[in-house]
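Colleague:
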Amino acid sequence: MIREQYQASYNLLKQHLKDIDEKKATFQPDTSNNNIKWQLGHIILLNDFLIFETINGEKALAQPAAKYFLWGTSPNDFDGGEPSFDELKLLLDNQFDKIFNALEEQLTKTREEPIELKNIDVYMEDFNQSIHFAILHINRHFGQIVLLKSMIDNLD
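Residue numbers (full-length UniProt numbering): 1 to 156.
#1: Ordered along the chain, which non-local residues of its own chain (more than five positions away) have a Cβ less than 7 angstroms from that of SER74?
#2: Given a cut-off of 9 angstroms, decide if LYS149 and ASP93 are closer than it, judged by their beta-carbon atoms.
#3: Pick helix, strand or coil for ILE51, following the three-state DSSP scheme.
#4: Between GLN106 and ILE135, which are expected to be in contact by the criterion C-beta below 8 angstroms, what is the C-beta distance as a whole number of angstroms?
#5: Relative to the alpha-carbon of PHE142, which residue among LYS24, ILE36 and ASP21 has its alpha-carbon at the smallest distance?
#6: Alpha carbon to alpha carbon, what distance is there between LEU88 and GLU4?
#7: What is the residue span of the beta strand (DSSP E) that THR110 lies within?
#8: Quick check: ASP86 and GLN63, are their CB atoms within less than 9 angstroms of each other?
#9: Whose CA, out of LEU147, GLY72, PHE69 and ASN139, lies closest to the CA of LEU12?
#10: Just the C-alpha distance for GLU53 and ARG111, rounded to the nearest angstrom, thanks.
#11: So what does MET151 bridge to, in DSSP terms?
#12: According to DSSP, is ASP126 helix, strand or coil?
#13: Give the straight-line distance between the Cα atoms of ILE145 and GLU22, rounded to the nearest whole angstrom.
#14: Tell me which residue opens and which closes the alpha helix (DSSP H) that SER9 is part of.
Below, the structure written as structure tokens:
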């Protein structure tokens, strides 16, 4: 069932991203703390952390993209070194395949360190717990992307 949830979430997300270009992705409405590009980068970074803990053998949160898309960051942290929106969409495609092919094995692994999100009272000792949380996280930020897209489209 979890594989189907991932597939449905990714398919819906990709449908909403199809007609978004870099200009629309980086536009930040006055009433928003971030933009579509930040939302997508955040989803990708946190999925690598929550599902794999590492990216290509390196700690996910120590990767260069973390400084742009980690909790507490915003588009104000963009300095031209962050991936383009098209690059993020490609990373999303590659990440889905990686997740889909490794999901069953990851569900049985123990995390190197538990994750504790004190502000929302969530504690995740193993990948099974963090993978389930990752689906909630994807869909929360996917909802933000849909909202931002609608806001931007209504400005045109």
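For each residue, glycine too, the CB sits at the ideal point set by N, CA and C.
None of the values given here were measured: they were computed from a predicted structure.
Modeller: Taking the geometry as given:
#1: ASN33, ASN34 and TRP38
#2: Cβ atoms of ASP93 and LYS149: not closer than 9 angstroms.
#3: In the three-state scheme derived from DSSP, where H, G and I count as helix and E and B as strand, ILE51 is classed as helix.
#4: With 8 angstroms as the limit, GLN106 and ILE135 do not qualify as a contact, their Cβ atoms being about 13 angstroms apart.
#5: Considering only alpha carbons, the answer is ILE36.
#6: 22 angstroms
#7: 110-117
#8: In this structure, ASP86 sits away from GLN63, with a CB-CB distance that is not shorter than 9 angstroms.
#9: In terms of CA proximity to LEU12, ASN139 leads the group LEU147, GLY72, PHE69 and ASN139.
#10: 8 angstroms
#11: Per DSSP, none; premise fails for MET151.
#12: strand
#13: ILE145 and GLU22 have their C-alpha atoms roughly 14 angstroms apart.
#14: 2-17
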